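Residue numbers (the working numbering): 2 to 224.
Just so you know, even glycine gets a beta-carbon here, dropped at the ideal spot from N, CA and C.
Just so you know, these numbers come straight off a predicted model, no measurement behind them.
Report on the structure given below.
Following this line, the structure appears as C-alpha cells:
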C-alpha cells in the first residue's frame, strides 16, 4: 500500500517533543498538542533575542518545547490566573525572530496563524521542528484546552505580551503547515492557486499583465 494510505493523518504531540516523534507529521496533517506551551509575541521575541545574545538564560526552558504566538486574555481569581480567551496572532511578522529563537533555544514546535517566511521554515527544518497553524476566531475554544497556567514572566511587557507557560491538553485541531522536512503548506497552496489562475486566464482570454482596476492603480498578475 502507498504510504499515504497506511499512515494516520492525525497526531497528538507531547512536549517536550523529539525530532523522531515529529518526523511522523506531514504538511496538511491534523495535530493536537498536550503538555507545556509558552506564549511569545513581538516584545517577547525582542527580549528573548536581546537576553540570549548577551549570554543570558530565559526564565523557562524552551528546548524541545512549543512557542505559541498568542496574547491571552486572562483574569485573576484569588491568587490564580485564569485564561478567558487564547487566540493566535499573525505569525508572518515573526519570521526572522522565529528563525533565531528556534536555532538558539532548540524550540521544536511553533503555533500561530497564517504563513511564515522562508527563513523560519528553513530554521525549523534544520532542527526537525514543525509549524502548526491554528484557526482564527477560536480564542474561547482554544482557552478551554488550557488546564492551568504554570507560570508567568515579563508582565512588565503587558499582560498579553508577557511570557505565559500553560499546561494544555489536546490543544487543537491544528494543521501542520511546515513539517520537519521543510515542506510548506502555504507555499504549496499559493503555487497551486497561481497555476490555476494562469490556466483560467488563458481559457477566458484574460491578459494577466493588464490591470483591470481603474483605482487604485495596481500591478497585473505576476507571470
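Beta strand (DSSP E) segment containing residue i, residue limits
{"i": "residue 173", "result": "164 to 179"}
{"i": "residue 15", "result": "11 to 15"}
{"i": "residue 46", "result": "No beta strand (DSSP E) contains residue 46, which is instead part of the alpha helix (DSSP H) from 43 to 54."}
Cβ-Cβ distance between residue i and residue j below 7 Å
{"i": "residue 180", "j": "residue 131", "result": "yes"}
{"i": "residue 112", "j": "residue 69", "result": "yes"}
{"i": "residue 168", "j": "residue 198", "result": "no"}
{"i": "residue 74", "j": "residue 85", "result": "yes"}
{"i": "residue 88", "j": "residue 140", "result": "yes"}
{"i": "residue 24", "j": "residue 64", "result": "no"}
{"i": "residue 100", "j": "residue 124", "result": "yes"}
{"i": "residue 166", "j": "residue 61", "result": "yes"}
{"i": "residue 35", "j": "residue 171", "result": "yes"}
Extent of the continuous alpha helix (DSSP H) to which residue i belongs
{"i": "residue 235", "result": "This structure leaves residue 235 out entirely; the chain is present only between 2 and 224."}
{"i": "residue 143", "result": "140 to 144"}
{"i": "residue 21", "result": "20 to 23"}
DSSP beta-bridge partners of residue i
{"i": "residue 150", "result": "167"}
{"i": "residue 32", "result": "12 and 175"}
{"i": "residue 189", "result": "Paired residue(s): none; residue 189 is not in a bridge."}
{"i": "residue 38", "result": "67 and 167"}
{"i": "residue 134", "result": "113 and 176"}
Interface flag, residue i vs chain D, CB-CB below 7 Å
{"i": "residue 139", "result": "Reference to chain D is not applicable here, since this structure consists of a single protein chain."}
Give, in chain order, every unbroken run of the beta strand (DSSP E) that is at least 3 residues long and sits entirely within the region 63 to 117. As far as the region 63 to 117 is concerned, its whole beta strand (DSSP E) runs of at least 3 residues are 67 to 69, 74 to 78, 81 to 86 and 110 to 113.
Below 8 Å, can you find three or more Cβ-Cβ pairs linking the region 167 to 183 to the region 11 to 30? Yes, the region 167 to 183 is in contact with the region 11 to 30.
The region 32 to 46 in contact with the region 58 to 73 per 3-pair CB rule at 8 Å: As far as the Cβ criterion goes, the region 32 to 46 touches the region 58 to 73, which means the pair count is three or higher.
Is there contact here, the region 115 to 135 with the region 185 to 198, by at least three beta-carbon pairs under 8 Å? Flag = yes, the region 115 to 135 and the region 185 to 198 touch.
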